[in-house]
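S.K.: Using the working numbering, read the sequence shown as starting at 959 and increasing by one per residue. For each residue, glycine too, the CB sits at the ideal point set by N, CA and C. The structure's right below; bear with me while I get my questions together.
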Amino acid sequence: MRPSGNALLLQALGTALKERRNELRLTQEDVAGAAEIDRPFVTMIEAAKKQPTISVLWKLAEALQLSPSDFVARVDERYESYRAKSGK
């Protein structure tokens, strides 16, 4: 898989994931177990180093006790905020 050309979007995804995880007081290990993925992958998503597939995105939303649309809405809010700050 090619890396995303949209660093702000990856950053927004990582931030939304970490914020929701912290809201729920979950560890990366908790989220990884619930989403059936490896903990280092969660770390890399939060650090905007990796991007999940659509199926993993759905699993992450479920692990975070959100619908996929609610999770994506949180990502979009962060993304728009980052875009406004960067002037892009």
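R1036 and T973: beta carbons closer than 7 Å?
M.R.: The count along the sequence shown starts at 1 and reaches residue 1036 at position 78. The count along the sequence shown starts at 1 and reaches residue 973 at position 15. Against a cut-off of 7 Å, the Cβ pair of T973 and R1036 comes out as a contact.
S.K.: Looking at the unbroken alpha helix (DSSP H) that takes in G991, where does it start and where does it end?
M.R.: Position 33 of the sequence shown, counted from the first residue, corresponds to residue 991. G991 -> alpha helix (DSSP H) spans 986-993.
S.K.: Assuming the contact rule is C-beta atoms closer than 8 Å, E987 and R997 should be a hit. Round their C-beta distance to whole Å, please.
M.R.: Translated into the one-based positions of the sequence shown, residue 987 becomes position 29. Translated into the one-based positions of the sequence shown, residue 997 becomes position 39. Yes, they are in contact, since the Cβ atoms of E987 and R997 sit about 5 Å apart, within 8 Å.
S.K.: Considering just the uninterrupted stretch of the alpha helix (DSSP H) at S1027, what are its terminal residues?
M.R.: Taking the sequence shown and counting its residues from 1, one reaches residue 1027 at position 69. First-last of the alpha helix (DSSP H) with S1027: 1026-1044.
S.K.: According to the neighbour-count rule (16 or more other Cβ atoms, all chains shown, within 10 Å of its Cβ), is M959 buried or exposed?
M.R.: Translated into positions along the sequence shown, residue 959 becomes position 1. Bear in mind that the predicted position of M959 carries a pLDDT of just 48, short of 50, making it unreliable; the figure below should be weighed with that in mind. Its Cβ having fewer than 16 others within 10 Å, M959 is exposed.
S.K.: Does DSSP put N964 in a helix, a strand or coil?
M.R.: Taking the sequence shown and counting its residues from 1, one reaches residue 964 at position 6. Three-state DSSP puts N964 in coil, outside helix and strand.
S.K.: Excluding the 5 residues preceding and the 5 following E994 in the sequence, name in chain order all residues of the same chain whose CB lies nearer than 7 Å to its CB.
M.R.: Mapped onto the sequence shown, residue 994 falls at position 36. Taken in chain order, the residues that qualify are K1017.
S.K.: So is L1022 buried or exposed if we call it buried at 16+ other beta carbons inside 10 Å?
M.R.: Here the question's residue 1022 lines up with position 64 in the sequence shown. Burial call: buried.
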